[in-house]
Every structure is written in structure tokens, then in C-alpha cells.
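Participant: Below: one structure in C-alpha cells.
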Amino acid sequence: MSRDTAPTPATRSQTQSHDRRSSRRRFLLATGTVTTGAVAGCLGRGETGDGSDAPEPPWTTEALKEQIDTEGTITIYAGTGGADEWYDLIDVINDEFGTNIEGDVFASDAASVSQRFVQEREADEDAADVVGPASNLRNEIRQQGREEGLALAEQWFESDLHENFWFSDVLADEQVLPFEVPSWNAGAGLCLPVSEAVFEDRGLAYPETYNDLFDEQYADLDVAFSGYVSAEQVGWIIRYHAAQTEMSEMEWIESLMNNLNVVGVDSHTAGTREVGKGNVPMMFYNWPQSAEPFVVNDEMSVRGIFPTPAPSKAIADPISINKAAPNPWLARFFVSATLEASVQKRMFTDVRKAVPGRNDLEYDFSSMDIPQFTRNRMATDLDVISFWDVDTYAETGQQAIDAGLFDP
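Under the working numbering, residues 1 to 408 are what the sequence shown spells out, in order.
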């Protein structure tokens, strides 16, 4: 799904959840993966309430499992547009840990998720246990600066993830903020969609970096831009690549745009589709998860190039625990389980529209039936961007947008 469109909120009805739970149990019993421990956990062990018998941190996933009712329901607010991937993730966790957790997912655009989360807190009616990307609130936290931002985050989210969980000793420091950690979609965070048919017909070389596009062979090449230009994405492109030259940032992007011909399209999805049809030779950038359906479509002619290096957020598709979560121990178990290596590795094959959020793991693709595009995404050299540095790129990108450099 293109990130520049606002998807319809997606939730499961009680009937749908009941049907899913019944079929899921039959599957678990049929495959023999319901363990004695899991059955014992279903006999009524609930949340610990005041946490008086809570384990000592750093918490392991197995220790957190002892704090929950393994048939509980976790409520997830997800600014990722779709709900199905979260239900897939819950299924994987259930498989790996012998639980029968149900999910109640509110999925929409990140701004809508932020609004709903904030409104419920203000009404003292918190429903979310776990919150996925909630852009407006996260942006406000970041814009406050590190010290004040952390204080603001503490009002909304549990703010000791870096101290209480096992993964703080495994992940890089920039991947574990006090209030959020990665869930999925690490690896390259940007790709450059190119029409193989057009490039081969014209004898053009595939660019490996944006500075290659200054070459004379690309002069006046049509390049598609969505009506919504991501300041953050183009800002990274400008800042990183201008630094490899003697030009200032604005000189660099103005010179590059003078060498290319901007073509307007309705959205990032529409742009990649036009590339796939051969109507436009290239789109300037796209998100990998938005481009992948076209890259792997045999009827399209799209090559998804990952520039060397490609940007990657240190905390990919972040996940946080609501400070007022109705089921805090279930939320902690869910976050902990999500970051387990066994769960992360299964995202390639068992979680829709997702790749792992951890870059530190070794991934063996030899036995996986996954597209080469996905393999390349995880293998590309990365320029890792911390949470607090994102705005510096957005400011640069917005300056170029305001100057009209991407207007058709």
C-alpha cells in the first residue's frame, strides 16, 4: 500500500475473531504444537495485576509468558494501514510460544491512530495495549528534542524498555529507545524503481547511486514524482549525496533536477505502475514495501534498485507499550516475543508485507521461497538514521519541496 494514501480503518468483528480463534485452535491441535505448558496456561492464569510477583528485569520472553493468560486478547493500534500483518504476527508468536492469544487491531493511517490514541487517553478510556507507528505523536516527541522529547514520551508510553528487557543487550543502542523498539521492515528503507524495458531499449546503465544520474546518458530522462513528496526521503537523498560532491545541498538537488525531466503522478503506487508499464523510465524513489508488488509482478517491467548505501531507520516500524495499557504484561510479552530471533526470521514467509526489524541477525535465504528483491533489501549497505536525526533530513527535503524543485 502506498504511504501517501489514507487507508480505511481495519478492525475485526467479534464474529470474525471467534471464527479465527476456532480455526486456529484446530490447526494447533492438528500439528501437535500445543504443549503441556501451553495447556496449563489456558486454565485461568491471568494478568498479575499489581505486578507484585513480577520477574526481575531484564525480562525474558519466557518469564513474561508466565505473567499472562495465554488465551488473552491484545489490542493493537497500528499506523501501518493494514491489520492482516498484525494478525499474522500474532499467529507466529502463538506458534513459537504455545500461546493462543487473540488480537483486536485498529489499523489506519498513522495520523488517525495518533488521534484515536490521544482522544482515548484524554477521556481516560485507554483501550490500546500496544501502539505501532503513530506519526503525529512520534513527530511531536522528536521535535521537542531529546530531553524534553523523552519526558513527553514518558506521559504516553512505558519508558523503560531499554532497562527492563533482554533485547537491550542484543540490539544497537540506537535501536532501543526508552519508549519504542523496532518491529519489522528494517533493511533498505528506500528504492529507486526503474523500467527494465525502457532502460534496455535505450541502452541506459542502471544507476547505483543518485550521483550517477548526473551522467549525460540520463539528460532529460523522465522521472516520476508523486503529488505527495516525502520530505524525509528526498531530504536523505539530498544530504547524503551532496556530501559526496563539492556542491551545497540545494545546489546539488537543483542541478540534478535540471538534468532530469519531472513527470507528475497521482501517488507512489501510481508512479511505480507507470514505470512497470514502460510509460515512465524511472520513479525518483519509493518505499520498498510499496514497490515490491510491481517488482515481483511478471507482467510488469520494474527493477527495484537500492542505492549504495540505502537509508534505514534504526527503529523500523516502531512498536511501543501504552503507559495505561489495559493488559500491560500481555503487551510486554508481545513486544518481547516480536523481537525474538525465531519470530523475526519467520516474518519473511509468514507475515504479510513485512521483513524483520532486526538487522543484527544472520538470515539464511537458501531454504526460503522469497523474491530476490527482498533478499537484496536486507543485504544492501545501509546508512542508519537514528530517531532523533530524522527531522534534519525532513527539513532539507522540505526546503527543496518549497522551492518547487519537484514540480512537473
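Built from N, CA and C at the ideal position, the CB exists for glycine as well.
1. Residues bridged to I305 by DSSP?
2. Measure the C-alpha to C-alpha separation of R45 and K65 and round it to an integer number of angstroms.
3. Please report the straight-line C-alpha distance between D91 and N261, rounded to a whole angstrom.
4. DSSP puts L221 in a beta bridge; with which residues?
5. Between the alpha carbons of A38 and F334, how many angstroms are there, rounded?
6. So P328 is in the beta strand (DSSP E); what residue range does that whole segment cover?
7. Rounding to the nearest angstrom, what Cα-Cα distance links G149 and G79 in this structure?
8. Output yes or no for whether 8 Å exceeds the beta carbon distance between K345 and P328.
9. Hey, would you say G304 sits closer than 8 Å to P288, going by beta carbons?
10. For T35, does the three-state DSSP call read helix, strand or coil?
11. Taking a contact to mean a Cβ-Cβ separation below 8 Å, would you say E96 touches S336 in this structure?
12. Can you name, in chain order, every residue of its own chain whose Cβ lies under 6 Å from the Cβ of I370, other than the five neighbours on each side?
13. Once DSSP output is grouped into helix, strand and coil, what is the label at V130?
14. Can you tell me whether N286 is helix, strand or coil according to DSSP?
15. Have a look at M250, V176, G264 and S135 and flag the residue whose alpha-carbon is nearest the alpha-carbon of Q115.
16. Using three-state DSSP, classify Y393 as helix, strand or coil.
17. Do A403 and D126 have their C-beta atoms within less than 8 Å of each other?
18. Given D53, which residues of its chain have a CB within under 7 Å of its CB, disregarding the five upstream and five downstream residues?
19. Can you name the start and end residues of the beta strand (DSSP E) that F106 belongs to?
20. What are the boundary residues of the beta strand (DSSP E) that includes V384?
21. Starting from Y228 and walking both ways along the alpha helix (DSSP H), at which residues does that stretch end?
22. By the three-class DSSP mapping on this structure, what secondary structure does T272 have?
23. Quick check: the Cα distance between F167 and L339, rounded to an integer number of angstroms?
24. Could you give the DSSP three-state label for I315: helix, strand or coil?
25. Three Cβ pairs or more, each shorter than 8 Å: is that satisfied between the stretch 381-389 and the stretch 307-326?
26. Please determine if the stretch 365-379 and the stretch 204-215 are in contact, where contact requires at least 3 C-beta pairs separated by less than 8 Å.
27. Hey, could you find the ends of the alpha helix (DSSP H) T75 is sitting in?
28. Three or more beta-carbon pairs under 8 Å between the stretch 221-236 and the stretch 269-280, yes or no?
29. Given a cut-off of 8 Å, decide if E251 and G397 are closer than it, judged by their beta-carbon atoms.
30. If you draw a straight line from the alpha carbon of N100 to that of G72, how long is it in whole angstroms?
Facilitator: Reading off the structure:
1. Within the sequence shown, numbered from 1, the residue matching residue 305 stands at position 305. Note: I305 sits in a beta bridge opposite L192.
2. Reading the sequence shown from its first residue, position 45 is the one you call residue 45. Reading the sequence shown from its first residue, position 65 is the one you call residue 65. Summary for R45: the model assigns pLDDT 31, below 50, so the residue's position carries little reliability, and this model does not support an answer.
3. Numbered from its first residue, the sequence shown carries residue 91 at position 91. Numbered from its first residue, the sequence shown carries residue 261 at position 261. Their Cα atoms are separated by approximately 47 Å.
4. Locating residue 221 in the sequence shown gives position 221, where the first residue counts as 1. BP columns for L221 point to L260.
5. In the sequence shown, counting from the first residue as 1, residue 38 sits at position 38. In the sequence shown, counting from the first residue as 1, residue 334 sits at position 334. Here A38 scores only 30 on pLDDT, less than 50, and its place in the model is too uncertain to base an answer on.
6. In the sequence shown, residue 328 corresponds to position 328, counting from 1. Segment P328 to T338 is the alpha helix (DSSP H) holding P328; no beta strand (DSSP E) there.
7. The residue labelled residue 149 in the question sits at position 149 within the sequence shown. The residue labelled residue 79 in the question sits at position 79 within the sequence shown. Cα to Cα, the separation comes out at about 20 Å.
8. Locating residue 345 in the sequence shown gives position 345, where the first residue counts as 1. Locating residue 328 in the sequence shown gives position 328, where the first residue counts as 1. No.
9. Position 304 of the sequence shown, counted from the start, is the residue given in the question as residue 304. Position 288 of the sequence shown, counted from the start, is the residue given in the question as residue 288. Against a cut-off of 8 Å, the Cβ pair of P288 and G304 comes out as a contact.
10. In the sequence shown, the residue the question calls residue 35 occupies position 35. Note on T35: pLDDT 28, under 50, position unreliable in the model; the coordinate value appears next. Reduced to three states, the DSSP call for T35 is coil.
11. Residue numbering aside, residue 96 sits at position 96 when the sequence shown is read from its first letter. Residue numbering aside, residue 336 sits at position 336 when the sequence shown is read from its first letter. Against a cut-off of 8 Å, the Cβ pair of S336 and E96 comes out as no contact.
12. Here the question's residue 370 lines up with position 370 in the sequence shown. Hits under 6 Å: F348.
13. Taking the sequence shown and counting its residues from 1, the one referred to as residue 130 is at position 130. Reduced to three states, the DSSP call for V130 is strand.
14. Numbered from 1 along the sequence shown, position 286 holds the residue referred to as residue 286. Strand.
15. On the sequence shown, position 115 is the one that residue 115 refers to. Of the candidates M250, V176, G264 and S135, the one whose C-alpha sits nearest the C-alpha of Q115 is S135.
16. On the sequence shown, residue 393 is found 393 positions in, with the first residue counted as 1. It is helical.
17. Counting from 1 along the sequence shown, the entry for residue 403 is found at position 403. Counting from 1 along the sequence shown, the entry for residue 126 is found at position 126. No. Outside cutoff.
18. The sequence position of residue 53 within the sequence shown is 53, counting from 1. Cβ neighbours of D53 beyond the five flanking positions: none.
19. As a position in the sequence shown, residue 106 is number 106, starting the count at 1. That run of the beta strand (DSSP E) goes E102 to A107.
20. Taking the sequence shown and counting its residues from 1, the one referred to as residue 384 is at position 384. Counting along the chain, the beta strand (DSSP E) containing V384 begins and ends at L382 to I385.
21. Sequence index remark: in the sequence shown, residue 228 carries index 228 (1-based). No alpha helix (DSSP H) contains Y228, which DSSP labels as neither H nor E.
22. The count along the sequence shown starts at 1 and reaches residue 272 at position 272. Helix, per DSSP.
23. Locating residue 167 in the sequence shown gives position 167, counting from the first residue. Locating residue 339 in the sequence shown gives position 339, counting from the first residue. F167 and L339: Cα-Cα distance of roughly 7 Å.
24. Numbered from 1 along the sequence shown, position 315 holds the residue referred to as residue 315. The answer is coil: DSSP assigns I315 none of H, G, I, E or B.
25. yes
26. no
27. The residue labelled residue 75 in the question sits at position 75 within the sequence shown. First-last for T75: T73 to A78, but that is the beta strand (DSSP E), not the alpha helix (DSSP H).
28. yes
29. Locating residue 397 in the sequence shown gives position 397, where the first residue counts as 1. Locating residue 251 in the sequence shown gives position 251, where the first residue counts as 1. Not in contact: G397 and E251 (Cβ atoms no closer than 8 Å).
30. Locating residue 100 in the sequence shown gives position 100, where the first residue counts as 1. Locating residue 72 in the sequence shown gives position 72, where the first residue counts as 1. In a straight line, the C-alpha of N100 is about 7 Å away from that of G72.
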